[in-house]
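> Protein chains in written order, with full-length UniProt numbering: chain B, 1 to 139; chain U, 1 to 147.
Cβ coordinates follow ideal geometry from the N, Cα and C atoms, glycine included.
Here the structure is a predicted model, which means the values were calculated and not measured.
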Amino acid sequence: MTASSATHANAVPVLALGDILLITLQGELHDTSAEQLQYDISHRIAHSPLPVNGVVIDISGVDIVDSFLGRILAEIAATARLLAAQTVLAGMRPAVAITLVELGLTLPGLDTALNVDRALALLGRAPAAPPPTRPEEGA
Amino acid sequence: MHAPLAPTTHLPIGSDADLAWVRQQVRKTATDLGFGLIQQTKLVTATSELARNTLVHGGGGHVEVTPLRAGHVCGLRLSFVDAGPGIRDLDLAMTDGYTSGGGLGLGLSGAKRLVQELIVDSCPGRGTTVTVTDWASGLPAPRTGTR
Ligand SMILES: Nc1ncnc2c1ncn2[C@@H]1O[C@H](COP(=O)(O)OP(=O)(O)OP(=O)(O)O)[C@@H](O)[C@H]1O
Ligand SMILES: [Mg+2]
Numbered sequence: 001m002t003a004s005s006a007t008h009a010n011a012v013p014v015l016a017l018g019d020i021l022l023i024t025l026q027g028e029l030h031d032t033s034a035e036q037l038q039y040d041i042s043h044r045i046a047h048s049p050l051p052v053n054g055v056v057i058d059i060s061g062v063d064i065v066d067s068f069l070g071r072i073l074a075e076i077a078a079t080a081r082l083l084a085a086q087t088v089l090a091g092m093r094p095a096v097a098i099t100l101v102e103l104g105l106t107l108p109g110l111d112t113a114l115n116v117d118r119a120l121a122l123l124g125r126a127p128a129a130p131p132p133t134r135p136e137e138g139a
Numbered sequence: 001m002h003a004p005l006a007p008t009t010h011l012p013i014g015s016d017a018d019l020a021w022v023r024q025q026v027r028k029t030a031t032d033l034g035f036g037l038i039q040q041t042k043l044v045t046a047t048s049e050l051a052r053n054t055l056v057h058g059g060g061g062h063v064e065v066t067p068l069r070a071g072h073v074c075g076l077r078l079s080f081v082d083a084g085p086g087i088r089d090l091d092l093a094m095t096d097g098y099t100s101g102g103g104l105g106l107g108l109s110g111a112k113r114l115v116q117e118l119i120v121d122s123c124p125g126r127g128t129t130v131t132v133t134d135w136a137s138g139l140p141a142p143r144t145g146t147r
């Protein structure tokens, strides 16, 4: 038995949070999904009716980053920057960070934060899920 | 010699989805053998690099996964096998930053740093086999520090 029945790699959703795009990567990311994501993000930045000023990529659920995914992440950040948006990589696991350094992939030029809230703070925004301080509005 | 602890498993490397499957299987086997989290992460990352080379440069192939035991220490041997064009200049291929394609050229040289032993056996025109061996505790074969 092989995995070839699972050839349909899932697309990664891109959420808009005001002028920030939030992308959450989870588990096994296929190469084609990573490439699709790269295209989706630049397309969203360039064609969104509202301006996009920042991109936060949450990789806390990713258990390995190899040179392929590392290159895609660096290219996403470089493309976003050319389109006037800043990218922050959030939540890298310590084991992944140690491995990347040993692999020789230190991703210079990629801003990082320990989690999504800090990434948003770095971009000058409020946390992703603020406590419901004004319940009369939400419900 | 190191006795095999369990029979060798063959996994195909012919697609994107196979790469994901191979990573998962190596992760699971390394966990079962008692590899720590950081060592697992390094081994699975090296696996991803080598399996992708088998797919992209070697035109596809397979990986042989063999759990090992030496005394009380468990290890894992992975052989990535293809019948592709082979590597003409191995020293060049092992150099950080060298790529014949559009990569970063970190796969092979980086993978060597992530595991205790990495051996490339390649014959131009007949294919490439890359074999890595890693022991759960870092023993009995510590990294020899070839950079
Ligand atoms: N299985 C293989 N068969 C043939 N050539 C190979 C094989 N593996 C590696 N090579 C050669 O060695 C070179 C270096 O490999 P390496 O993995 O370091 O870099 P890369 O694959 O080009 O880029 P990346 O950083 O994305 O992995 C390759 O460009 C290729 O020419
Ligand atoms: Mg490679």
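Shortest alpha-carbon distance to S48(U) belongs to which of A93(U), L92(U) and A17(U)?
A17(U)
> Within 9 Å of any Cβ in chain B, is that where the Cβ of A136(U) sits?
no
> Quick one: list the residues of chain B neighbouring Q116(U), beta-carbon separation under 7 Å, in chain order.
Simply none; closest approach about 13 Å.
> Taking C-alpha atoms, which residue in G58(U), Q25(U) and R77(U) lies nearest to T131(U)?
For T131(U), the closest C-alpha among the options G58(U), Q25(U) and R77(U) is that of R77(U).
> Chain B partners of V44(U), CB-CB under 7 Å?
Residues of chain B passing the Cβ test: I64.
> Starting from E49(U), follow the alpha helix (DSSP H) in both directions and report where the run begins and ends.
L37 to V56
> Taking DSSP's pairing of strands, which residues face P88(B) in a bridge?
One detail in the question is off: residue 88(B) reads as Val in this sequence, not Pro. V56(B) and D111(B), per the DSSP bridge assignment.
> Please list the partners that A99(B) has in chain U, where partner means a Cβ-to-Cβ separation under 7 Å.
For the record, residue 99(B) in the displayed sequence is Thr; it is not Ala. Near T99(B) (Cβ distances below 7 Å), the residues of chain U are T41, K42, T45 and L114.
> Does the separation of the CB atoms of T54(U) and V96(B) fall below 9 Å?
Contact flag unset, no.
> Within 8 Å, do at least three Cβ pairs link the segment 6–24 of chain U to the segment 61–80 of chain U?
yes
> Is there a Cβ from chain B that is less than 9 Å from the Cβ of A20(U)?
yes
> Tell me the DSSP bridge mates of A3(U)?
Answer is R69(U), bridged to A3(U).
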